[in-house]
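Trainee: Numbering (the numbering used here), first residue to last: 44 to 374. Every residue gets a Cβ at the ideal spot worked out from N, C-alpha and C, and that includes glycine. This is the structure I have questions about; it appears just below.
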């Protein structure tokens, strides 16, 4: 068991190292130079009155401040030391003088709450429907449930999001067209307003994962229902509910648990589009501003948090899988 855990933790650390390395080099191939852009803005504001000496001194100070001083190797070692030991990404270009860590930690709860909740809800609902459709696959009801999954699954997320907005914010104006969130101290009224304004993006995200979970669980349930141990349980007189939950679901859910862990790890993939379409505050909007403005440090921070989430989700499922599958424990 110790050897199993050590291998998984070692792979986890290797993934983090490779991810951090790619994160460092990726923004440096972008055509936008943030320091040149910042100096250009100052030149414009000062009507070109900055001297070449002042610009050179300003450039040197900015390179020192944002960790861009020295050759690429020096910058890389400094970056690893700051990120690994202090989780420090420095100040932001776009939100100066706020530091990146504070910006991300302020936006992260919004993104995590919305996307984690909807991912789990979509997974649970889709698997329950898919389990029923797969276990009773010879009945007409199963065909109807499968058609629902087939109809929802191919629709691109942005089409689902726009359709939800048109239906529930325009045709039937039940929810606001653009989300607005109250500020101030926490209260029950504030919590209700947050839930109310988050309903449309949450609905779109649940629908986006709902179809795939139905189809995948149905296919797994159909295959598992035909296994010999399920037939043996039926011959023993076990009820449909017992066979479906204790025999079919417990074995068909194993690949779905892996899919859930990967979905949770990649919640940041859906953050950008969701938060732009629904004007939802979170890391997606921050990342968009950072990408358009060449804000290296914010890009470092958001991508690093995403890498940590994906790698951690993989590590957790690797460590939990032996508890779910006794075959791995015995092996």
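1. Can you give me the C-alpha to C-alpha distance between residue 128 and residue 122, rounded to a whole angstrom?
2. Is residue 356 near residue 305, with beta carbons less than 8 Å apart?
3. Around the Cβ of residue 17, are there at least 16 other Cβ atoms within 10 angstroms (buried) or fewer (exposed)?
4. Once the 5 residues before and after residue 137 are set aside, which same chain residues still bring their CB inside 8 Å of it?
5. Compare the C-alpha of residue 327 against each of 99, 151, 125 and name the closest.
6. For residue 142, write down the residues that DSSP places opposite it in a beta bridge.
7. Out of 274, 87, 82, which one is the CA nearest neighbour of residue 99?
8. Helix, strand or coil for residue 361, going by three-state DSSP, please let me know.
9. Specify whether the stretch 239 to 255 and the stretch 154 to 173 touch according to this definition: at least 3 beta carbon pairs, one from each stretch, less than 8 Å apart.
10. Between which two residues does the alpha helix (DSSP H) containing residue 233 stretch?
11. For residue 321 and residue 172, what's the separation of their Cα atoms in angstroms?
12. Taking the CB atoms as reference points, tell me whether residue 1 and residue 316 lie closer together than 8 Å.
13. Quick test of the definition: if touching needs 3 or more C-beta pairs under 8 Å, does the stretch 349 to 366 touch the stretch 48 to 63?
14. State the DSSP-derived secondary structure class of residue 216, mapped to helix, strand or coil.
15. Rounded to whole angstroms, what's the CA-CA distance from residue 291 to residue 234? Just pull it up for me.
16. Buried or exposed: where does residue 183 fall if 16 or more other Cβ atoms within 10 Å of its Cβ makes it buried?
17. Taking buried to mean at least 16 other C-beta atoms within 10 Å of its own C-beta, is residue 189 buried or exposed?
18. DSSP three-state call for residue 282: helix, strand or coil?
19. Are there 16 or more other CB atoms within 10 angstroms of the CB of residue 303, so buried, or fewer, so exposed?
20. Along the chain, where does the alpha helix (DSSP H) that runs through residue 206 open and close?
21. Return the chain-ordered list of same chain residues with a C-beta closer than 7 Å to the C-beta of residue 307, the five sequence neighbours on each side being excluded.
22. In the DSSP assignment, the alpha helix (DSSP H) including residue 190 goes from what residue to what residue?
23. What do you get for residue 293, buried or exposed, if any count of 16 or more other CB atoms within 10 angstroms of its CB means buried?
24. CA-CA distance, residue 269 and residue 178?
Mentor: So, from the listed chains and residues:
1. Those two C-alpha atoms are separated by around 10 Å.
2. yes
3. Nothing can be reported for residue 17: it is not among the residues displayed for the chain, which extend from 44 to 374.
4. The beta carbon of residue 137 lies closer than 8 Å to those of 332, 333, 336, 338, 341 in the same chain, with the five residues before and after it left out.
5. 151
6. Paired residues: 134.
7. Each of 274, 87, 82 was checked against the Cα of residue 99, and the nearest Cα belongs to 82.
8. helix
9. A contact between stretches requires three or more CB pairs, one per stretch, nearer than 8 Å, and the stretch 239 to 255 meets this requirement with the stretch 154 to 173.
10. 231 to 268
11. 28 Å
12. Residue 1 lies beyond the residue range present for the chain, which begins at 44 and ends at 374; the question has no answer from this structure.
13. yes
14. coil
15. 39 Å
16. exposed
17. buried
18. Looking at residue 282 - three-state DSSP - the assignment turns out to be coil, as it is neither helix nor strand.
19. buried
20. 200 to 208
21. 159, 162, 356
22. Where residue 190 is concerned, the enclosing alpha helix (DSSP H) stretches over 183 to 195.
23. Residue environment: residue 293 is assigned as exposed (fewer than 16 neighbouring CB atoms within 10 Å of its CB, all protein chains considered).
24. 10 Å
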